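K.L.:
In the working numbering, the protein residues as written are 1305 to 1623.
Input: one structure, supplied below.
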Amino acid sequence: MSGQIDEQGRLRHFLTTEGMPRQLLERILDTAESFTGVIGKSVKKVPLLRGRTVINLFFESSTRTRTTFELAAKRLSADVLNVNVATTTTKGESLLDMLHNLEAMQADMFVVRHAESGTAAYVAEHLGGNVAVLNAGDGRHAHPTQAMLDMFTIRRHKGAFEPLRVAIVGDILHSRVARSQIHALNGLGAGEVRVIAPRTLLPREIESLGVHVYHDLEAGLRDVDVVITLRLQRERMQGAMLPSEQEYFQHYGITEERLGVARPDAVVMHPGPINRGVEIDSAVADGPRSVILEQVTNGIAVRMAVMSMVLGGRDGGEG
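Printed below as a string of structure tokens:
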């Protein structure tokens, strides 16, 4: 969190939702709301970041996340460069050497995705003060823009956070998305945050994050307003954590029948990509409760908001 917010309370970087003041979380959502009108126009651009250069550094692949960051930057009129990190690193160039070279090319922002926790913060710490860093996912640690697009989607459907019961279902242990969601929900004053998972897929001392833990799906879903399902990585199914995909779906898969205990107007979310028939049934993913495709669309507005706030703050403006 160190160095993420400047002395005036503005975003210098966006590395995590943990410990972020509610006022700043709400400002991100409000700014994203202002950009939704831009996305719907025939000319989908505003000149806020004209002349700025945003570099996508994805050491870990994610087509959807990289593409929405690229679209967000271009709709703010920034120049965007996607660096082929695999090619660069095979030349023996160290991470910091590569970053300093890109920094010398007058880059204004790095969007960093990496398999190791803490990488985005490390990059922010070791760069000069002229380059902003956005965390596009680091190890099991954080995925703050995904959490904020989820918060934006929830607010558009439910309004105030205080009355809400939100259930996060699935592989909490390995999920950077879940951690960022929990911090954001609590920061925004959500009434109750629940996590539902088998014991093998829960971190130790998860209660310290301010959640209520359930191992029984029906009990955890009862009377909730929002259900967030998480991707269960198939590679983990081969280990001792879970017997099989079928057994996981039998106990924790989201179906229309199991949603019967949630509130009648409950919405279902998923950060993607979806494993149909593993964590969620297709009838739910494609059904009237699902807001999954809205999450993808909202990701552009939220990433536009964060980019404009971070780079706008460096000019002393409101972004």
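Quick reminder that beta carbons are idealized off the backbone N, C-alpha and C, glycines included.
None of these values were measured; they are calculated from a predicted model.
(1) For Val1389, which residues from the same chain have a beta carbon less than 7 Å from its beta carbon, with the 5 sequence-adjacent residues on both sides left out?
(2) Express the C-alpha separation of Gly1432 and Asp1529 in angstroms, rounding to a whole number.
(3) Which one or two residues does DSSP pair with His1516 in a beta bridge?
(4) Starting from Phe1456, trace the alpha helix (DSSP H) both ways and give me its first and last residue.
(5) Quick one: is Asn1602 buried, meaning 16 or more other Cβ sit within 10 Å of its Cβ, or exposed?
(6) In whole angstroms, what separates the C-alpha of Arg1356 from that of Ala1382?
(7) Which residues mark the beginning and the end of the alpha helix (DSSP H) in which Phe1373 is found?
(8) Mind reading off the beta-carbon distance from Leu1505 to Ile1476? Whole number of angstroms is fine, and I expect it under 8 Å.
(9) Tell me, please, which residues DSSP counts as bridged to Leu1505.
(10) Can you tell me which of Leu1597, Ala1523, Glu1420, Ala1488 puts its alpha carbon nearest to the alpha carbon of Gln1327?
(11) Would DSSP call Ile1476 helix, strand or coil?
(12) Where does Met1413 fall in DSSP's three states?
(13) From this set, Thr1369, Gly1341, Glu1429, which residue's C-alpha is nearest Arg1316's C-alpha?
(14) Following the continuous beta strand (DSSP E) through Asn1439, name the residue where it begins and the one where it ends.
(15) Mapping the DSSP letters down to three states, classify Gly1620 as helix, strand or coil.
(16) Taking the alpha-carbon positions, what's the Val1624 to Leu1329 distance?
(17) Residues in its own chain within less than 7 Å of Val1342 by CB, not counting five upstream and five downstream?
P.N.:
According to the structure data:
(1) Leu1361, Phe1362, Phe1363.
(2) Distance between the alpha carbons of Asp1529 and Gly1432 is about 44 Å.
(3) Partner(s): Arg1498.
(4) Taken as a continuous stretch (DSSP letters only), the alpha helix (DSSP H) holding Phe1456 covers 1448-1462.
(5) By the neighbour-count rule (16 or more Cβ atoms within 10 Å), Asn1602 is buried.
(6) In a straight line, the C-alpha of Arg1356 is about 5 Å away from that of Ala1382.
(7) 1367-1379 is the extent of the alpha helix (DSSP H) around Phe1373.
(8) Contact between Leu1505 and Ile1476 holds, with the beta-carbon distance rounding to 6 Å and staying under 8 Å.
(9) Residue pairing for Leu1505: DSSP places it in no beta bridge.
(10) Of Leu1597, Ala1523, Glu1420, Ala1488, the smallest CA-CA separation from Gln1327 is found for Ala1488.
(11) DSSP places Ile1476 in coil when its eight states are reduced to three.
(12) Met1413 falls in the strand class under three-state DSSP.
(13) When the alpha-carbon of Arg1316 is set against those of Thr1369, Gly1341, Glu1429, the nearest one is in Glu1429.
(14) Where Asn1439 is concerned, the enclosing beta strand (DSSP E) starts and stops at 1436-1442.
(15) The pLDDT assigned to Gly1620 is 37, lower than 50, so where the model puts this residue is not dependable; a value taken from the coordinates is nonetheless given after this. Annotated three-state conformation of Gly1620 is coil, per DSSP.
(16) Nothing can be reported for residue 1624: it is not among the residues displayed for the chain, which extend from 1305 to 1623.
(17) Around Val1342: Lys1348, Val1350, Arg1379.
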